[in-house]
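Chains as they are written, first to last, in our numbering: chain A, 1 to 187; chain B, 1 to 187.
To keep things clear, I will list the structure first and then write my remarks on it.
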């Protein structure tokens with residue numbers, strides 16, 4: 001960020017009075033431009049003993065398998081956003097969504113929320129961002145071709161809970177340790 | 001938003017190719033400036049049968065009682081942010097935090113997350129943003145002087161769960177119905 005989005009003047013990186021971290025502050029109008037984490041919201045569409053996965057038609061991770069998810073928009077709720085993403089990516093109508101997992105990913109400034117729910121009538125087809133969609137049992141999950149660690153961790157927790165018959169809402173963190181390694185902490 | 005924060009040129013509100021909603025797009029460098037909901041993260045500090053509340057020393061809602069909470073920062077997790085807010089607002093060290101509630105508030109583009117946990121040694125004192133802090137039992141909660149609906153809803157769920165002895169992670173939405181009325185939906 002180099003310019004003030006309100007008045008077009010330059011911004012400087014400095015610690016405002018009463019704050020304790022550097023912010024982009026306009027040298028002219030004084031506006032403080034905060035930058036905060038984004039929410040990615042998605043769902044686990046269930047149909048019988050299967051769940052719905054989508055093969056990504058977009059970068060990053062083109063061609064890998066994922067759960068329907070995307071950036072939450074202003075003016076919507078996390079749950080509505082999850083249902084909207086299922087519709088956009090898989091023409092999937094979701095019912096009875098419940099919060100299932102929340103993961104913080106500090107090194108990319110993102111928080112993921114996943115809701116599980118029923119895929120209405122088991123119907124789905126690829127949306128614009130998907131090459132393919134399919135219903136898979138636990139044994140059919142392509143574990144080595146999943147899109148992101150947060151998808152793998154959510155699916156692992158999901159199948160564990162399903163075995164126990166008791167679903168709880170999970171919170172975890174995906175921490176970058178070095179350029180090739182992440183660590184998953186569950187709380 | 002009137003100017004591009006990267007190059008300082010003007011932005012226009014238009015629907016980018018492949019998108020379905022209006023975004024601020026730079027007329028010169030073409031950068032799309034997405035605007036997304038913010039996360040407010042906080043905690044329920046527990047000590048015996050009491051919890052810690054803070055009296056706000058800042059607007060909005062100066063002088064009302066609240067749980068320690070604030071905007072999540074880039075580079076931190078939701079849980080770390082909740083602990084940081086407890087330290088900043090109440091010099092409170094939190095232990096064993098667990099996800100307790102998540103509320104979407106679409107009309108102000110916010111998502112709240114609350115974690116419950118132990119207030120280390122029961123110690124707290126007012127930080128810069130608090131006039132006062134106090135440990136209260138359920139009967140002592142100033143229900144008519146709480147800061148925000150999301151704090152009231154979280155505390156109601158908390159005391160219900162405490163009675164049943166079974167804490168679950170809750171998801172809800174606070175929906176504005178008109179200028180004076182909100183509706184709370186729990187899922």
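For each residue, glycine too, the CB sits at the ideal point set by N, CA and C.
By alpha-carbon positions, which one of 147/B, 122/B, 111/B ends up nearest to residue 170/B?
111/B
How should residue 69/A be labelled, buried or exposed, when 16 other C-beta atoms within 10 angstroms of its C-beta is the threshold for buried?
buried
Tell me whether residue 180/A sits in a helix, a strand or coil according to DSSP, three-state version.
coil
Mark residue 181/B as exposed unless 16 or more other C-beta atoms lie within 10 angstroms of its C-beta, in which case mark it buried.
exposed
Which residues in the same chain as residue 123/A place their Cβ atom closer than 8 Å to its Cβ, once the five residues preceding and following it in sequence are excluded?
91, 92, 93
Coil, strand or helix - residue 31/B by DSSP
coil
Burial state of residue 160/B, where buried means 16 or more other Cβ atoms lie within 10 Å:
exposed
Residue 23/B: first and last residue of the uninterrupted beta strand (DSSP E) it sits in:
23-26
Between which two residues does the alpha helix (DSSP H) carrying residue 156/B extend?
149-164
Determine the chain A residues that contact residue 106/B at a beta-carbon separation under 7 Å, and present them in chain order.
75, 76, 77
Buried versus exposed, by CB contacts within 10 Å (16 or more), residue 46/A
buried
DSSP three-state label for residue 79/A, please.
helix
Which residues in the same chain as residue 29/B place their Cβ atom closer than 8 Å to its Cβ, once the five residues preceding and following it in sequence are excluded?
4, 6, 7, 9
8 Å contact criterion, which residue 67/A and residue 53/A should meet: CB distance rounded:
7 Å
Let me make sure I understand the geometry here. Which of 178/A, 145/A, 102/A has the alpha-carbon closest to that of residue 154/A?
102/A
Establish whether the CB of residue 37/A and some CB of chain B are separated by less than 7 Å.
yes
Alpha carbons only, please: which of 130/A, 134/A, 177/A, 141/A is nearest the one belonging to residue 158/A?
141/A
Residue 102/B, enclosing beta strand (DSSP E) - first and last residue
94-105
By the DSSP assignment, the beta strand (DSSP E) with residue 47/B in it spans what residues?
38-47
Status (buried if at least 16 other CB within 10 Å, exposed otherwise) for residue 1/A
exposed
Comparing alpha-carbon positions, which option in 60/A, 73/A, 21/A lies nearest residue 21/B?
73/A
Contacts around residue 188/B, its chain only, beta-carbon distance under 6 Å, and the 5 residues preceding and following it disregarded
Look at the range of chain B in this structure, 1 to 187, and you will see that residue 188/B is not part of it.
Do residue 50/A and residue 137/A come within 7 Å of each other at the CB atom, strictly closer than that value?
yes
Contact criterion: CB-CB distance below 7 Å. Does residue 109/B meet it with respect to chain A?
yes
Through-space distance from residue 129/B to residue 61/B, alpha-carbon basis:
12 Å
With distances taken Cα to Cα, identify the nearest neighbour of residue 115/A among 19/B, 187/B, 39/B, 27/B.
187/B
Looking at the C-beta of residue 1/B, does it have a partner C-beta in chain A at a distance below 7 Å?
yes
Please list the residues of the stretch 166-183 of chain A that have a C-beta atom closer than 7 Å to any C-beta atom in chain B, keeping them in chain order.
168, 169, 171, 173
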